[in-house]
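K.L.:
Sharing a structure, written as structure tokens. Questions coming.
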Amino acid sequence: MIEKGKSVLLFLLVVFSLVQSYLLAYSNPYMDAKVKTELNYVTTEPLGMEEQVENLIFPEMLVLHLGNDKHTVFYPSTPPFYELILDKLTSREFKGMQRASVNSVDWDQIREEYRGVELRFGRAVPFELLSRVFKIDRDFLFFGDSIDRIWIYTSEVRDEVRTYFFSSDGRYVYESQRADLTIGDVTGYVGFGQYWDPYTTKDGNLYLPEKPMTRLLKMDVDFDSYTTEQMQDNLFVDPGITRTIPDQPGQFFYTDGKRGLMIEQDGTWLSFTDPVASTEGDNNLIDNVLGAISFVNQHGGWNGKHQFVKESESETGSDVVRFQQYYRDVPIVSGNALNFGFMQLTMRQGEVASYYRSLINLGKEVSNKSSRQLPGGESLRSILNGMDSNGKNIEALFPAFKPTLSKDTVTLSPVWAARLLSGEVVIVSESSPVQLK
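Residue numbering for the sequence shown follows my numbering, beginning at 3 and increasing consecutively.
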């Protein structure tokens, strides 16, 4: 009996040992849930909505070529045509990519004679991110390139549709030789622009309206804002150990000894720095863009529609990622007088070194609406010529809102904004009351 009992006990010990070995090998450890290091951020209730990368990438404008050197432009605020065209194109497939020199096609002739549509993104978008929006063939040699334009046109003589993706370096184009598009598709896109405002161009880069733009409203928008306490809870590991350092009137600095949080503009603008972010190893742009989006999702959220507008490299080798805020599908451009209308993060290896954003959340209620118009034709050309030599430093022009902040509302006034070759966005012209005929 004793020997039999020993055998049973030994069997049970062996089974118990095997179960422990299995759990150690295949179960998830719980150390992260129990031990919080100084590099972790505290988990808090979300403040704003979360976003996905595919919702932050869309064309700055659609240029429609109508044939006979006639053109028009749709912006995201051009309902419903901009959205209709974009929805149709994002459902199509673009396969069989082949690279060629940009000079292999006479683009002046295509622009003047052939009907088609250009999708202009303003700043370069990596193929890998663009493929989150469009069904692009990922299996080709130069998938790591970045794109700033897609041009689709039809040749009725040859009964074909051609689709080109323009490399941001200006040297190459990528043709999709198996694009899921028909002549009827392109004709339909162009048809939306037949009776829209005419635009002209001298060089194929800058398109100007031939008459004033009048479909615009100046308005007062209600708002609320995140509190300093909410942002401290979101950005510091232990908000209880932070100390406050008054800096200047309307400006306060908070620190836990490592991270720094500055609240400016009477509580409406946030600047956050984290010097403990990693500084060694390879820096990957895609990881940094996705990391920036994830960070905003967890720390403040998105206060309205935004667009991924650019990335650049800082002096330290980090990526500076910027997102442009829109209201009613119109970008908000604040100029130099006010920090408003964008989020910007400095990223290194997917980690955040700095974070800038507005604490204001624009509401849906508007008041004091008035019709406004922006100049066009010769009046607009004179303004641009006065800025620089024939507008040579301007690569894009688009309608925007200029914000003016008061106690209870933000006044949004229509303006013409221009993006310079340097990437800087400036206000070109204010709007005026609509002139009744």
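Think of the CB as a built atom: it goes at the ideal place given N, C-alpha and C, for glycine as much as any other residue.
Pull up the CB-CB distance for V323 and V291, whole angstroms please, since I reckon it's below 8 Å.
P.N.:
Counting from 1 along the sequence shown, the entry for residue 323 is found at position 321. Counting from 1 along the sequence shown, the entry for residue 291 is found at position 289. Sure, about 6 Å apart at Cβ, within 8 Å.
K.L.:
Cutting at 7 Å between CB atoms, please list the residues of its own chain near D182, excluding the five before and the five after it.
P.N.:
Numbered from its first residue, the sequence shown carries residue 182 at position 180. So the qualifying residues of the chain are R94, E95.
K.L.:
Apply the 10 Å Cβ neighbour rule to F168 and answer buried if 16 or more other Cβ atoms are within range, or exposed otherwise.
P.N.:
Here residue 168 is taken as the residue at index 166 of the sequence shown, counted from 1. F168 should be labelled buried.
K.L.:
Of all the alpha helix (DSSP H) runs that stay within the bounds of the segment 83 to 114, which reach a length of 4 or more residues?
P.N.:
83 to 92
K.L.:
Any idea what DSSP makes of V135, helix, strand or coil?
P.N.:
Here residue 135 refers to the residue found at position 133 of the sequence shown. Three-state DSSP puts V135 in coil, outside helix and strand.
K.L.:
Counting only the same chain and skipping the five closest in sequence on each side, list residues whose C-beta sits under 6 Å from that of D139.
P.N.:
By one-based count along the sequence shown, residue 139 stands at place 137. Excluding residues up to 5 positions away in sequence, K97, M99 lie with their Cβ nearer than 6 Å to the Cβ of D139 in the same chain.
K.L.:
Excluding the five sequence neighbours on either side, which residues of its own chain have a C-beta within less than 8 Å of the C-beta of G1, listed in chain order?
P.N.:
An answer regarding residue 1 cannot be provided, because it is not within the stretch 3 to 439 covered by the chain.
K.L.:
Can you tell me whether V175 is buried or exposed, with buried defined as 16 or more other CB within 10 angstroms of its CB?
P.N.:
Position 173 of the sequence shown, counting from 1, holds the residue named residue 175. It counts as buried.
K.L.:
For the alpha helix (DSSP H) that contains A294, what are its first and last residues?
P.N.:
Residue numbering aside, residue 294 sits at position 292 when the sequence shown is read from its first letter. From DSSP, the alpha helix (DSSP H) with A294 extends over 287 to 300.
K.L.:
Using beta-carbon positions only, say whether Y116 and S178 come within less than 8 Å of one another.
P.N.:
Within the sequence shown, the letter at position 114 stands for residue 116. Within the sequence shown, the letter at position 176 stands for residue 178. Their beta carbons are not under 8 Å apart, which means Y116 does not touch S178 by this criterion.
K.L.:
Rank A419, G306, A398, E380 by C-alpha distance to the C-alpha of L208 and give the top, closest one.
P.N.:
For the purposes of this step, residue 208 is taken as the residue at position 206 of the sequence shown. Looking at the Cα atoms, A398 is the closest of the given residues.
K.L.:
In angstroms, rounded to a whole number, what distance separates the CA positions of R122 and P277?
P.N.:
Position 120 of the sequence shown, counting from 1, holds the residue named residue 122. Position 275 of the sequence shown, counting from 1, holds the residue named residue 277. Using only the alpha carbons, I get a separation of about 36 Å.
K.L.:
What do you reckon, are the CB atoms on E130 and F142 nearer than 8 Å?
P.N.:
Translated into positions along the sequence shown, residue 130 becomes position 128. Translated into positions along the sequence shown, residue 142 becomes position 140. No.
K.L.:
Is DSSP giving R160 helix, strand or coil here?
P.N.:
Counting from one through the sequence shown, the residue named residue 160 turns up at place 158. For R160, the secondary structure class from DSSP, reduced to helix, strand or coil, is coil.
K.L.:
Taking C-beta to C-beta, are V104 and R173 nearer than 8 Å?
P.N.:
For the purposes of this step, residue 104 is taken as residue 102 along the sequence shown, with counting starting at 1. For the purposes of this step, residue 173 is taken as residue 171 along the sequence shown, with counting starting at 1. Yes, the pair counts as a contact, with Cβ atoms nearer than the cut-off.
K.L.:
Is the segment 397 to 411 touching the segment 252 to 259 in the sense that three or more CB pairs, one from each, lie closer than 8 Å?
P.N.:
no
K.L.:
Which of helix, strand or coil does DSSP assign to I59?
P.N.:
On the sequence shown, position 57 is the one that residue 59 refers to. Here I59 sits in coil by DSSP.
K.L.:
Which runs of the beta strand (DSSP E), 3 residues or longer, sit entirely within the segment 327 to 361?
P.N.:
344 to 350, 353 to 360
K.L.:
If you reduce the DSSP assignment to three classes, tell me which class N30 lands in.
P.N.:
Start at 1 with the first residue of the sequence shown, and residue 30 comes out as number 28. With a pLDDT of 36 at N30, under the threshold of 50, the modelled position of that residue is not reliable, and the figure given next carries that caveat. Coil at N30, not helix or strand.
K.L.:
Note down, in chain order, each residue of its chain lying with its Cβ closer than 8 Å to the Cβ of I185, except the 5 sequence neighbours on either side.
P.N.:
Mapped onto the sequence shown, residue 185 falls at position 183. The residues T156, E158, D161, E162, V163, in chain order, have a CB closer than 8 Å to that of I185 in the same chain once the five nearest residues on each side in sequence are set aside.
K.L.:
Going by beta carbon distance, what residues of the same chain come within less than 8 Å of L422, once the five residues before and after it are set aside?
P.N.:
As a position in the sequence shown, residue 422 is number 420, starting the count at 1. Within the same chain, Cβ atoms closer than 8 Å to the Cβ of L422 are found at N395, I396, E397, V428, the five residues on either side in sequence being excluded.
K.L.:
Based on DSSP bridge pairs, tell me the residues matched to T74.
P.N.:
In the sequence shown, the residue the question calls residue 74 occupies position 72. Answer is L66, bridged to T74.
K.L.:
Check S169 in the structure and name its three-state DSSP category.
P.N.:
What you label residue 169 is simply residue 167 of the sequence shown in a count that begins at 1. In this structure, S169 counts as strand in the three-state DSSP scheme.
K.L.:
So, for E56: in the same chain, excluding its five sequence neighbours on each side, which residues have a beta-carbon less than 8 Å away from its beta-carbon?
P.N.:
One-based indexing of the sequence shown puts residue 56 at position 54. For E56, same chain residues with a beta-carbon under 8 Å away, outside a window of 5 residues either side, are R134, V135 in chain order.
K.L.:
On the three-state DSSP scale, how would you describe V436?
P.N.:
Here residue 436 refers to the residue found at position 434 when the sequence shown is read from its first residue. V436: coil per DSSP, three-state reduction.
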